[in-house]
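Peer 1: I am attaching a structure below and will ask some questions about it afterwards.
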């Protein structure tokens, strides 16, 4: 199990700020909440349009389970820009930092190995990972191509359930590039778990289809 | 925090809860005696009434400030539902936040009792301010549709509903009857009861006797028989309740019964037309069996302002309320 550094602050933050925000301002409606895993290891895979995505997914879990839920997030964006943001990412959201600057092939391979290693450690600790295969936030309710990291991860952990999640409305409430939060009703649709079947591209397509099929 | 309710209000509420218990028993025993028939929708509806009626009771028994906050919350839920349903432009997010802010201001005018501002704030000041803010953003593609839908939504979900909370401010109109000495609480209970009874009567008469569709293009479920049944029930109840809850004379009570029944129906089909245009059945999932909050307040959006101004004209003439 992962060791939370400020358990009280984290609990208060989720109880007094995140929950009211998610349930009162965004009026979150959840479909098939029972499909969420009770315990790790598991991988949650969702479409990505807003910073609220992680906040909403984490708010679905009971406070006692929160220390197990670990979002994967861009190290450059969340840890290197702003000290306040970095503190929140590290201690409240307990992100697993991912480096993703595209560079030389050899360096990239090493990064990929490091990424898989960190994920493996986290999954071995019974954690629940949150992963956005589209990479950075896109336009609301529009799909973009899935990155292959999730396929490598799934291949390495064929027994770990991968839960597709479709988030709707969050990209309208807090889109990329605008810090103003406007209340809109938001929905989260949780799908049936799936497992690695290979080959890589077919698996990515299947995952993408499963997520966007939840939208209907 | 709480206010003492006058006896006629208490008796009316007791009657409403009595009917609610009776209706629930009828629905559940019907469902038990006919297992092959599907009663899910009716059961859901009953369960939602068990939420709506206690919440409405709260607006009566809470003091004026707390009940004002509750009405502002209804407007917020309705406006959020409306803005989530209609297509909005991403560029307009900074305009929409002002529309939400208008809720706070509109109910603040009610709070301080600034009657003139309460009447003109949304139809004039917001009507002038929102397009200006939108123009400052500079996106002209779809401008007319964006500002038109926004202003209509603000009128529908904030302006009309705020009339309910202004009713609570009205002082007793005189000593003509028991009802006249009660003031705003009696008027609000009278309006809400008649509007909802009219909805239910139209639904029940329509289900039992309905043959001829009244406006098939907009709402195929609405029938002439249902409408007439609602009209008679509502007018009858309006005459019976008037001396206990309101200062209305017999003639005015009958007129109000007809007005609430007719305009409640119009409010209902207006929101139906909106949903039909957007290609959806229910405006939301907040109230199982009913749909969203817009589905429930649709008739009130017409009856609340009309009832308010009828009362103000005949019983508070020439007064700055």
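Residue numbers (the working numbering), protein chains in the order written: chain A, 8 to 223; chain B, 79 to 399. We put the CB at the ideal spot given by N, CA and C, even for glycine.
Residues in the region 161-185 of chain B with C-beta within 7 Å of chain A's C-beta atoms, listed in sequence order?
Peer 2: From the region 161-185 of chain B, only 161, 162, 168, 171, 172, 174, 175, 178 have a Cβ closer than 7 Å to chain A.
Peer 1: Could you check whether the Cβ of residue 44/A sits closer than 9 Å to any Cβ belonging to chain B?
Peer 2: For residue 44/A, the answer is no, since every Cβ of chain B falls outside 9 Å of its Cβ.
Peer 1: Quick check for students: name the residue ranges of the beta strand (DSSP E) that lie wholly in the region 184-221 of chain A, counting only runs of 3 or more.
Peer 2: Taking only runs of at least 3 residues, the beta strand (DSSP E) segments lying wholly in the region 184-221 of chain A are 194-197.
Peer 1: Between residue 245/B and residue 272/B, how many whole angstroms is the CB-CB distance? I'm expecting something under 8 Å.
Peer 2: That pair is no contact at about 13 Å.
Peer 1: Considering only C-alpha positions, which residue in the set 75/A, 76/A, 77/A, 92/A is nearest to residue 83/A?
Peer 2: The candidate whose alpha carbon is nearest that of residue 83/A is 92/A.
Peer 1: Can you name the start and end residues of the beta strand (DSSP E) that residue 50/A belongs to?
Peer 2: It spans 49-53 - the beta strand (DSSP E) in which residue 50/A sits, taken as one unbroken run.
Peer 1: Look at the alpha carbon of residue 170/B and the alpha carbon of residue 378/B, and state the distance between them as a whole number of angstroms.
Peer 2: Cα to Cα, residue 170/B sits roughly 28 Å from residue 378/B.
Peer 1: Give me whichever residues DSSP pairs with residue 291/B in a beta bridge.
Peer 2: In the DSSP output, where bridge partners are listed per residue, residue 291/B has 301/B.
Peer 1: Between the region 218-228 of chain B and the region 155-171 of chain B, do at least 3 Cβ pairs fall closer than 8 Å?
Peer 2: The answer is yes - the region 155-171 of chain B touches the region 218-228 of chain B, with three or more Cβ pairs under 8 Å.
Peer 1: If you measure between the beta carbons of residue 133/B and residue 121/B, is that distance less than 9 Å?
Peer 2: Their beta carbons are not under 9 Å apart, which means residue 133/B does not touch residue 121/B by this criterion.
Peer 1: Determine whether the Cβ of residue 145/A lies closer than 9 Å to any Cβ atom of chain B.
Peer 2: Cβ-Cβ to chain B under 9 Å: no for residue 145/A.
Peer 1: Measuring only between beta-carbons, confirm whether residue 223/A sits less than 9 Å from chain B.
Peer 2: False, the Cβ-Cβ gap to chain B never drops below 9 Å.
Peer 1: On the premise that residue 190/A lies in contact with residue 33/A, defined as a C-beta separation below 8 Å, what is that separation, rounded to the nearest angstrom?
Peer 2: Sure, about 7 Å apart at Cβ, within 8 Å.
Peer 1: I'd like the list of long-range same chain contacts for residue 95/B, defined as Cβ closer than 8 Å, with 5 residues on each side in sequence excluded.
Peer 2: For residue 95/B, where only same-chain residues beyond five positions count, the Cβ hits under 8 Å are 131.
Peer 1: Does DSSP classify residue 331/B as helix, strand or coil?
Peer 2: Helix, per DSSP.
Peer 1: DSSP state of residue 104/A, grouped into three classes?
Peer 2: Strand, per DSSP.
Peer 1: Label residue 114/B either buried or exposed according to how many other C-beta atoms from any shown protein chain fall within 10 Å of its C-beta, with 16 as the threshold for buried.
Peer 2: Residue 114/B is exposed by the Cβ-count criterion.
Peer 1: Find the residues of chain B that neighbour residue 176/A, judging by a C-beta separation of less than 7 Å, and give them in chain order.
Peer 2: Going along chain B in sequence order, the residues near residue 176/A (Cβ under 7 Å) are 162.
Peer 1: Is residue 372/B closer than 9 Å to residue 347/B when the C-beta atoms are compared?
Peer 2: Contact: no.
Peer 1: Bridge partners of residue 78/A, per DSSP?
Peer 2: For residue 78/A, which the question treats as bridged, DSSP gives the partners 137/A.
Peer 1: How would you label residue 100/B, buried or exposed, when you count the other beta carbons within 10 angstroms and need 16 or more for buried?
Peer 2: The residue is exposed, with fewer than 16 neighbouring Cβ atoms inside 10 Å.
Peer 1: Listed in chain order, which residues of the region 182-212 of chain A have Cβ atoms closer than 7 Å to some Cβ of chain B?
Peer 2: Listed in sequence order: 182, 185, 187, 189, 190, 191, 192.
Peer 1: Please tell me whether residue 179/A has its Cβ less than 9 Å away from any Cβ of chain B.
Peer 2: Taking Cβ atoms only, chain B reaches closer than 9 Å to residue 179/A, which makes this a yes.
Peer 1: Within 9 Å (strictly less), CB to CB, does residue 159/B reach chain A?
Peer 2: It does: the Cβ of residue 159/B has a partner Cβ on chain A nearer than 9 Å.
Peer 1: Below 8 Å, how does it come out for the region 202-219 of chain B and the region 351-358 of chain B: are there three or more Cβ pairs, yes or no?
Peer 2: No: fewer than three Cβ pairs fall under 8 Å.
Peer 1: Go ahead and label residue 236/B buried or exposed: buried means 16 or more other beta carbons lie within 10 angstroms of its beta carbon, across all protein chains shown.
Peer 2: Classification of residue 236/B: buried, given that the 10 Å Cβ count is 16 or more.
Peer 1: Select from 97/A, 171/A, 26/A the residue whose C-alpha is nearest the C-alpha of residue 157/A.
Peer 2: Looking at the Cα atoms, 171/A is the closest of the given residues.
Peer 1: By the criterion of Cβ-Cβ separation under 8 Å, what are the contact partners of residue 363/B in chain A?
Peer 2: Near residue 363/B (Cβ distances below 8 Å), the residues of chain A are 36.
Peer 1: Between residue 149/B and chain A, is the shortest Cβ-Cβ distance under 9 Å, so that the two count as touching?
Peer 2: With 9 Å as the cut-off, residue 149/B does not count as an interface residue toward chain A.
Peer 1: Rounding to the nearest angstrom, what Cα-Cα distance links residue 360/B and residue 131/A in this structure?
Peer 2: Their backbone Cα atoms lie some 45 Å apart in a straight line.
Peer 1: If you count every other CB in all the chains shown that lies within 10 Å of the CB of residue 119/B, and 16 or more means buried, which is it?
Peer 2: With fewer than 16 Cβ atoms within 10 Å of its Cβ, residue 119/B is classed as exposed.
Peer 1: With DSSP collapsed to three states, give me the class of residue 80/B.
Peer 2: Residue 80/B: strand per DSSP, three-state reduction.
Peer 1: Could you tell me the boundaries of the beta strand (DSSP E) in which residue 70/A lies?
Peer 2: From DSSP, residue 70/A is part of no beta strand (DSSP E); its letter is neither H nor E.
Peer 1: Below 8 Å on the Cβ atoms is my guess for residue 341/B versus residue 381/B; work out the distance and round it to an integer in Å.
Peer 2: With a Cβ gap of about 5 Å, residue 341/B and residue 381/B count as contacting.
Peer 1: Alpha carbon to alpha carbon, how far is residue 253/B from residue 322/B?
Peer 2: Distance between the alpha carbons of residue 253/B and residue 322/B: 12 Å.
Peer 1: Could you check whether the Cβ of residue 326/B sits closer than 9 Å to any Cβ belonging to chain A?
Peer 2: It does not: the Cβ of residue 326/B has no partner Cβ on chain A nearer than 9 Å.
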